[in-house]
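In the numbering used here, the protein residues as written are 10 to 243.
Beta carbons: idealized from backbone N, C-alpha and C, even for Gly.
Quantities reported herein were computed from a predicted structural model and do not represent experimental measurements.
First up is the structure itself, then whatever we jot down about it.
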């Protein structure tokens, strides 16, 4: 990812990694977290999907580095949107120490569950849920800017209802037009770098969709025991 982004994830902004299940979002987050932790830097990792794996960390570093890496990763594991709200309150406490990276793996999965419940009640409840999501992402953006650190969040996608009317031929060509980020404009606005991950029958592609200084581009990649490696440009 360092070469793909010409130096790695941008500091002082929120980067959104989005895609369907099994596209590699958590792997990219773990690689970034481990890279910082190996240097002795503190990382806050908010894991809402249960994707953080100590065994995966062991694959990414030598045995003598495992303890040091895990000690430098502060792991929070909310299981509902209320707990996610509390995790953000705890996050501000952790920032009293020097933190070099913040990861939220699964920014909207718990939000999505609460929003579905709120939809069955009334518009006011839906507004409250959306306002809380906006507050959380705004908090991350402010931290990134004030601390001059990268913030990575992952997000799910949904396939919009008219996709079948326009798709034909190579699905990868039309993927970005058929799949939209959960959370809509909230994440689009606050995320200044958008990276889409696609897994089409084993062919993995990363697309740079939005960046402050780089053009859109894409690359095929492979996930293996030691991390992620490039397969080619497309």
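Span of the beta strand (DSSP E) around residue i
i, result
"residue 220", "Here residue 220 belongs to no beta strand (DSSP E), and DSSP marks it neither H nor E."
"residue 231", "226 to 233"
"residue 105", "Taken as a continuous stretch (DSSP letters only), residue 105 belongs to no beta strand (DSSP E), as it is neither H nor E."
"residue 54", "52 to 56"
"residue 114", "110 to 114"
"residue 28", "23 to 28"
Contact under 8 Å by Cβ, residue i with residue j
i, j, result
"residue 39", "residue 65", "yes"
"residue 221", "residue 189", "no"
"residue 191", "residue 32", "no"
"residue 41", "residue 82", "no"
"residue 97", "residue 122", "no"
"residue 120", "residue 138", "yes"
"residue 13", "residue 215", "yes"
Length of the line joining the Cα atoms of residue i and residue j
i, j, result
"residue 219", "residue 155", "22 Å"
"residue 140", "residue 197", "15 Å"
"residue 229", "residue 102", "39 Å"
"residue 233", "residue 36", "10 Å"
"residue 182", "residue 235", "For residue 182, the predicted model reports a pLDDT of 48, less than 50, meaning its position is unreliable; a value from the coordinates is still stated below. Approximately 29 Å, taken between the alpha carbons."
"residue 63", "residue 70", "11 Å"
"residue 88", "residue 109", "25 Å"
"residue 79", "residue 59", "16 Å"
"residue 17", "residue 193", "25 Å"
"residue 61", "residue 213", "21 Å"
"residue 171", "residue 205", "Confidence in residue 171 is poor, its pLDDT being 43 and thus under 50, which makes the residue's placement unreliable; the coordinate value appears in the next sentence. Roughly 20 Å separates the two Cα atoms."
"residue 114", "residue 93", "11 Å"
"residue 223", "residue 10", "13 Å"
"residue 227", "residue 75", "32 Å"
"residue 99", "residue 57", "15 Å"
"residue 203", "residue 48", "26 Å"
"residue 116", "residue 34", "12 Å"
"residue 30", "residue 130", "29 Å"
"residue 152", "residue 77", "25 Å"
"residue 118", "residue 132", "20 Å"
Whole-number beta carbon distance between residue j and residue i, since they are thought to touch under 8 Å
i, j, result
"residue 67", "residue 158", "Going by Cβ atoms, the distance from residue 67 to residue 158 rounds to 26 Å, so no, they are not a contact pair."
"residue 195", "residue 142", "6 Å"
"residue 135", "residue 144", "About 15 Å separates the two Cβ atoms, so there is no contact after all."
"residue 111", "residue 43", "15 Å between Cβ atoms; not a contact."
Terminal residues of the alpha helix (DSSP H) in which residue i lies
i, result
"residue 12", "Counting along the chain, residue 12 falls outside any alpha helix (DSSP H), and DSSP gives it neither H nor E."
"residue 137", "132 to 156"
"residue 35", "34 to 47"
"residue 197", "194 to 199"
"residue 160", "Note, residue 160: premise wrong, no alpha helix (DSSP H); beta strand (DSSP E) at 160 to 164."
"residue 120", "118 to 128"
"residue 63", "63 to 69"
"residue 78", "75 to 80"
Contact test: residue i Cβ vs the ligand MN heavy atom, cutoff 7 Å
i, result
"residue 15", "The ligand MN is absent from the structure shown, which contains no ligands of any kind."
Check whether the segment 23 to 32 and the segment 149 to 167 touch, using three or more Cβ-Cβ pairs below 8 Å as the test.
yes
Hey, is the segment 102 to 114 in contact with the segment 38 to 53, meaning 3+ C-beta pairs nearer than 8 Å?
yes
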